[in-house]
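Enquirer: Under our numbering, residues 40 to 209 are what the sequence shown spells out, in order.
Attaching a single structure in structure tokens format; questions to follow.
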Amino acid sequence: MVNLTPVTWYKLSVMKTQYILFLFLFGLISTQQLFAQEKCVCPTCNGEGLNPVPTEWRDCDFCTKGYNTCNTCDGDGQEPCHRCNETGIAQLPCRECNGYGKINGETCGVCGGDGIEEMVCANCEGKGSYNCHSCGQLGKFICNMCGGEGGKLWKGTCPKCNGTGEIICP
Ligand SMILES: [Zn+2]
Ligand SMILES: [Zn+2]
Ligand SMILES: [Zn+2]
Ligand SMILES: [Zn+2]
Ligand SMILES: [Zn+2]
40 MVNLTPVTWY
50 KLSVMKTQYI
60 LFLFLFGLIS
70 TQQLFAQEKC
80 VCPTCNGEGL
90 NPVPTEWRDC
100 DFCTKGYNTC
110 NTCDGDGQEP
120 CHRCNETGIA
130 QLPCRECNGY
140 GKINGETCGV
150 CGGDGIEEMV
160 CANCEGKGSY
170 NCHSCGQLGK
180 FICNMCGGEG
190 GKLWKGTCPK
200 CNGTGEIICP
């Protein structure tokens, strides 16, 4: 059986008051903290959270040091001539005998009977390969994502607001 003497009541009442006082104080502190934490738009970055001065160098993801290797010539700037099998010599049917090797039963004097006339390959001018038409002999392309720079300076995090775009109001 609980014996609620006047002293006990008094103690309970004091505890209750202290509790209310505690809540009040706590509430007051919270309010002050809210005031202190009121946010304003960061004047350095205008709320973007980015450093207005680009300082962070990042390599381009789309190339190697600003260039992409040409797929057509594998980077050497020369395309193998398929018309002459890279020999530089084109074998055409002999014009004299139309490739038959014989004229009126006689061996063709121009091709010696094999019906083939060998000529300098017109496609590669006898070189067996020709300048790559894709990259114009460079073997590589300037990356158009970075304009050949190989990377770019980016705006880093705003040092004033740490990238949040907000600061505690002055
Ligand atoms: Zn800022
Ligand atoms: Zn090429
Ligand atoms: Zn011939
Ligand atoms: Zn050729
Ligand atoms: Zn690039």
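The beta-carbon is built from N, C-alpha and C at its ideal position, and this holds for glycine as well.
Quick check on E158: does DSSP put it in helix, strand or coil?
Expert: According to the sequence provided, residue 158 is Met. The question's Glu does not apply to it. Under the three-state reduction of DSSP, M158 is assigned to strand.
Enquirer: When DSSP labels each residue in this structure, what does Y139 get in the three-state scheme?
Expert: coil
Enquirer: Use the C-beta contact count for E164: other C-beta atoms within 10 angstroms, 16 or more gives buried, fewer gives exposed.
Expert: exposed
Enquirer: Can you tell me which residues form a DSSP beta bridge with P93?
Expert: K194
Enquirer: By DSSP, does L177 sit in helix, in strand, or in coil?
Expert: coil
Enquirer: Applying the 10 Å Cβ sphere with the 16-neighbour rule, what's the burial state of Y139?
Expert: exposed
Enquirer: What residue from T108, H121, G127 has the CA that sits closest to I292's CA?
Expert: The chain is shown from 40 up to 209; residue 292 falls before or after that span and cannot be answered.
Enquirer: My assumption, with CB atoms under 8 Å, is that A84 sits in contact with C174. Please give the rounded CB distance.
Expert: Looking at the sequence provided, one finds Cys at residue 84 rather than Ala. Between C174 and C84 the Cβ distance is about 42 Å, and since that is not below 8 Å, they are no contact.
Enquirer: In whole angstroms, what separates the C-alpha of G195 from that of N183?
Expert: Taking the straight line joining both Cα atoms gives about 23 Å.
Enquirer: At which residues does the beta strand (DSSP E) containing K78 begin and terminate?
Expert: 78–80
Enquirer: Going by CA-CA distance only, name the one from M158, K166, C136 that's closest to G152.
Expert: C136
Enquirer: Return helix, strand or coil for T119, following the three-state DSSP convention.
Expert: Sequence check: residue 119 is Pro here, not Thr. In the three-state DSSP reduction, P119 falls in the strand class (E or B).
Enquirer: Any idea what DSSP makes of N107, helix, strand or coil?
Expert: strand
Enquirer: Tell whether a beta-carbon distance below 8 Å holds between E87 and S168.
Expert: no
Enquirer: Excluding sequence positions up to five away, which residues of its chain have a Cβ less than 8 Å from the Cβ of L242?
Expert: For residue 242 there is no data in the structure shown, the boundaries of the chain being 40 and 209.
Enquirer: Please report the straight-line C-alpha distance between C147 and H172, rounded to a whole angstrom.
Expert: The alpha-carbon atoms of C147 and H172 are separated by roughly 39 Å.
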